[in-house]
Structure formats: structure tokens, C-alpha cells
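Counting with the UniProt record's numbering, you get residues 1 to 460 for the letters of the sequence shown.
Even for Gly, the Cβ is constructed at its ideal location relative to N, Cα and C.
Structure record follows, encoded as C-alpha cells.
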Amino acid sequence: MGCCISKQEASKPDTDGCKHGSNNPVQNHQQPYNRGPQQQKPLTSSQHVAHQSKVQTQSRTPQPRAQQHRADVPFAVQPAGEKATQAQRQDNTVLGKPFDDIREHYTLGKQLGRGQFGITYLCTEKSTGHEYACKSILKRKLSTKNDREDIKKEVNIMQHLSGQSNIVQFRGAYEDRQSVHLVMELCAGGELFDRIIEKGHYSERDAAKICRYIVNVVHACHFMGVMHRDLKPENFLLSSKDEGATLKATDFGLSVFIEEGKVYHDIVGSAYYVAPEVLRRSYGKEIDIWSAGIILYILLCGLPPFWAENEKGIFDAVLKGDIDFESEPWPSISESAKDLITKMLTQDPKLRITSAQVLAIFSIGVPSLIGLMKKLVLLKNFMHFWTNTTNIYSQTFLLSVLHKDYISEKQLSDSLLEFHLSMNGPLFVITISIFVEALFLVQLTGLLWDPTHSQTNLVR
1 MGCCISKQEA
11 SKPDTDGCKH
21 GSNNPVQNHQ
31 QPYNRGPQQQ
41 KPLTSSQHVA
51 HQSKVQTQSR
61 TPQPRAQQHR
71 ADVPFAVQPA
81 GEKATQAQRQ
91 DNTVLGKPFD
101 DIREHYTLGK
111 QLGRGQFGIT
121 YLCTEKSTGH
131 EYACKSILKR
141 KLSTKNDRED
151 IKKEVNIMQH
161 LSGQSNIVQF
171 RGAYEDRQSV
181 HLVMELCAGG
191 ELFDRIIEKG
201 HYSERDAAKI
211 CRYIVNVVHA
221 CHFMGVMHRD
231 LKPENFLLSS
241 KDEGATLKAT
251 DFGLSVFIEE
261 GKVYHDIVGS
271 AYYVAPEVLR
281 RSYGKEIDIW
291 SAGIILYILL
301 CGLPPFWAEN
311 EKGIFDAVLK
321 GDIDFESEPW
331 PSISESAKDL
341 ITKMLTQDPK
351 LRITSAQVLA
361 IFSIGVPSLI
371 GLMKKLVLLK
381 NFMHFWTNTT
391 NIYSQTFLLS
401 VLHKDYISEK
411 QLSDSLLEFH
421 LSMNGPLFVI
431 TISIFVEALF
441 LVQLTGLLWD
451 PTHSQTNLVR
């Protein structure tokens, strides 16, 4: 539900099955509540793969531009004498609180985007001069009670999650007679989707960094009792255009508060990212890890693992579950990366890797047990070289080697040989056994990450 200012005219395909048509020429997160009134129905938009690197398809019905209809403008001028009266009226409220004129707090600037239900503006806080994004949702277009409840639910979820580092920050909600206005953090770096299109695909190191951010969001949401249900590159924004910009999750329009023991049945999400159990109408929070695994696959090769010319074909591929690791560039991608994707895209949600386990893998810099075992074998092969040294040197070297992210076998061998030539001493077995035991414990159990306690935070 965040907003960015990356582009004004470029459009892109979409398989947003539960968010119905819009003519918005900009990003989905700039389309205020771009979903239809019936979220319980299956994904129905038609598909067409326009370009290999595109990860979504599109079927959208053009909507009339707001300039053509005066009633579509959320900020129609009200007579001065009517203002106080309208502030007291609650018969048309969506948020369930007194009307509050957003223009008393913010100066509305240029239009950033347009969606089926309203417009997104750049806004400046009068008291501080800070810039934010404001989504103005036209209440007359919220035709059903469910539409209004969905907006209220999304506001509640955004308020509940506010403060998490990789989630777009929510500033506040305002309501007047015509519209609901949502003020949130402004992200100037654009969508992750556009960055993928620009780059084609990412290196393993960069993909791992992004995936760690995404899974961090999943873990934080689940820890706080929220299931996102619509994770995709379009719903992650970059805080700036810098290469190392922070990634932020947005658009919680399909999210729900998790009810303990409840099995969910409604089909929601976007076709390429939907988990098989969603299509089988029996799912839980594990679907978010599946979607994160799809994104990781796309980051590494630029294409989704399950795709076809239409939605039925996509769904059939998802249910079949065959993952292509043979086409380029997969032969040059490490077994560790493929192993992690396989664990995240396990068909049985009960056997699927958890967010805590994924974070544990990233936190120690070893993508999987396979990578750990390879390093351990290499260490054992060099044990006989070391005959005389002190324990402090051994420990320092071992920690420095094992904490290197995605170090190759050749790099490890060269480092060990260099250590042997310079130190010519034994690497204490106690150092290896204790550290390796700790690594295995992390890999096998997955350390739990509590966002409220920094000492257990596994995300570096």
C-alpha cells in the first residue's frame, strides 16, 4: 500500500486475479484499492506473455479519467458553512471516526498515480515540510459493505505492522464526506518489478540479499499475526534509486489477520505467485513462503518457474510443480541456491521450509546443509597441514572463513592453503567441532527470530 514516484506513463502486465481492472499507467501500489468487490472468486483475468522477462500478464478495462468527471475528483470544494456540518455526520463513515479534513494537515501536490477507486498524490506535511504519499479513495466507488470493510481492515493491518523496517510506514488515515485519504511513506526508488526488468536477473549474492529482506517481511508479518497473501515484485518498493536502497513491502489489501487453527478457502493473489494449496482452497500462512520462493527464482533467472499463455495453463503448472533448473542460467547457479528454492516451493505446505529456517540459512552465510558439508569436507582435508599454532589464531581464521557469504570451494581451498603456508600450525579440533555443531543446530531447527529482541535477530 506504499507509494513511489518512479515513472508516470509506463504500463506493465498484471495477473492480479482478485484485483479487477484499472487503467492506471503506473505501479499497482499507486492504484488505491485496485480490486473488485468480489474477492472470493477465482482469478479470472486473461493472460498474455508479452515478453520473456515480464513476470505478469494483463487484461485491464480502460476506466474514464478523473478529469472527465467532476465527481471523480476527491477534493471537490465544499462550501465553508458546510464543513462543520459534514464533520459531524457519521452516517457515511468508512473508518468509523469523525471526519477530518486532510488539507488541514497536509498540502496536496502533484498526482503520482491513478487507480480504479481514486488517485495518489504527493503531499507535504504542513508542520514539518516532510513529503509523503496520499491515496485518496472515492467512497462512492465502494459499492458494497465488503469494499468498505476491506479498506478499514487494510488500515488496521498497516497500523498494526507500522514500525517494521522492511514495511512501508503508515502515517495516518483521514476521511471526509467524499473520500478516505491514506498517508504513508514515499518510496522514490520504484518497484522491485521494474528493477528486475532493468537488470534482467541478479547475481546470487544480490538475490540472496533481496530474498532475505522479503522473508524478513514474511517472518515479521507472521510473528505479528498477519498473512500477506499477495507477495510479488510489484508489491515491494525501493526507498530510493540507489543500488543499495532499502526494500519495503506494500499493498496489504488482500492481507488478513491470522486466526489460530483456521483453514482459508478463498482464492486470492496473483497467478504466477499463487501457491498450489490456494488453488486447492485449503491453505494457511505457508503460502507467503511459496510466493517468496517464486520471487527468488525470478531474481536469479528473470522468469517465473510456472508460466503459460493463460491462467489455466499457469495454474496447471503450479499444481504439477515441475521446476526448471536446466535452462540458462541455472547450470551456472549453485546447488545451494537451487536447494533453497526447492525447499521454498515444496508442494506440501507442512513440509515447506519456514521463514525462520530461511532466515537462519541467510544469517550464517551458508545457503544450505549441502554447502556446509562441502566446506566441512575441505576443512578436514587440510587438517593434517596444521601442526603448530595457537588457539586464538585458529578460531579467528575459522570464523572469518565460515562467515563469508557464498564463498566458493576454490576460495576456501586457497584461503586454507594460505593459512597453512603462513602459520604452519594445527587447527584445533575443538574449534571446528563446536562451531560446526552450532551451524548444524541452526540448519536443522531454525532459530526463532523475535523482532522485539535485537539479540535474537538473525538478519544482519
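- Contact between F99 and R177 is confirmed by a C-beta separation of about 7 angstroms, below the 8 angstroms threshold.
- With contacts defined by Cβ atoms closer than 8 angstroms, V94 and K152 form a contacting pair.
- Inter-residue distance for G302 and L247 is about 18 angstroms (C-alpha atoms, whole angstroms).
- Assignment of R195 by DSSP, reduced to helix, strand and coil, places it in the helix class.
- Annotation: the continuous alpha helix (DSSP H) that includes E277 extends over 276–279.
- Comparing alpha carbon positions, the residue from A208, H222, I214, L254 closest to D230 is L254.
- Where L345 is concerned, there is no enclosing alpha helix (DSSP H), because DSSP gives it neither an H nor an E.
- Remark: three or more beta-carbon pairs, one from each stretch, lie closer than 8 angstroms, so the segment 263–275 and the segment 287–297 are flagged as touching.
- Sixteen is the threshold: when 16 or more other Cβ atoms of the shown chains lie within 10 Å of the Cβ of R114, as they do, the residue is buried.
- The alpha-carbon separation between K262 and D288 amounts to approximately 16 angstroms.
- Note that the C-beta distance between I167 and V215 is not below 8 angstroms.
- Look at K135 here: in three-state DSSP terms it is strand.
- In the structure shown, F236 adopts extended strand secondary structure according to DSSP, grouped into three states.
- Secondary structure of R229 (DSSP, three-state): coil.
- For H219, the enclosing alpha helix (DSSP H) stretches over residues 204–223.
- The beta carbon of K312 is closer than 6 angstroms to none in its chain, skipping five residues each way along the sequence.
- Between the C-alpha atoms of L112 and N156 there is a straight-line separation of about 24 angstroms.
- For E234, the closest of E326, L299, I314 by C-alpha to C-alpha distance is L299.
- A contact is defined here as three or more CB-CB pairs under 8 angstroms, and the segment 182–191 fails this definition with respect to the segment 321–333.
- For the pair Y174 and C134, the Cα-to-Cα distance works out to about 10 angstroms.
- Cβ contact annotation for K241 (same chain, cutoff 6 angstroms, sequence separation greater than five): G189, in chain order.
- Boundaries of the beta strand (DSSP E) harbouring E125: 118–125, taken from the DSSP string.
- Exclusion of the five residues before and after K343 leaves I353 as the residues of its chain whose Cβ lies within less than 6 angstroms of its Cβ.
- Around the beta carbon of G269, 16 or more other beta carbons sit within 10 angstroms, so the residue counts as buried.
- Judged by beta-carbon spacing, L340 lies within the 8 angstroms limit of I361, meaning their Cβ atoms are closer than that value.
- Per the C-alpha coordinates, the member of I197, V318, E104, S136 positioned closest to S127 is E104.
- Membership of R148 in the alpha helix (DSSP H) is indicated by the continuous run 145–161.
- Contact between V256 and M227 holds: their C-beta atoms lie close to 6 angstroms from each other, under 8 angstroms.
- Rounded to the nearest angstrom, the Cβ distance from P304 to I323 is 11 angstroms, too far for a contact under 8 angstroms.
- When secondary structure is reduced to three states using DSSP, I323 falls in the coil class, being assigned neither helix nor strand.
- Leaving aside the five residues that flank K232 on each side, the residues in its chain whose CB is nearer than 6 angstroms to its CB run, in chain order, S270, Y273.
- In the structure shown, I353 falls within a coil segment according to DSSP collapsed to helix, strand and coil.
- In summary, L238 is buried, with 16 or more beta-carbon neighbours lying within 10 Å of its beta-carbon over all protein chains present.
- Residue state for E311 is assigned as helix, using DSSP reduced to three classes.
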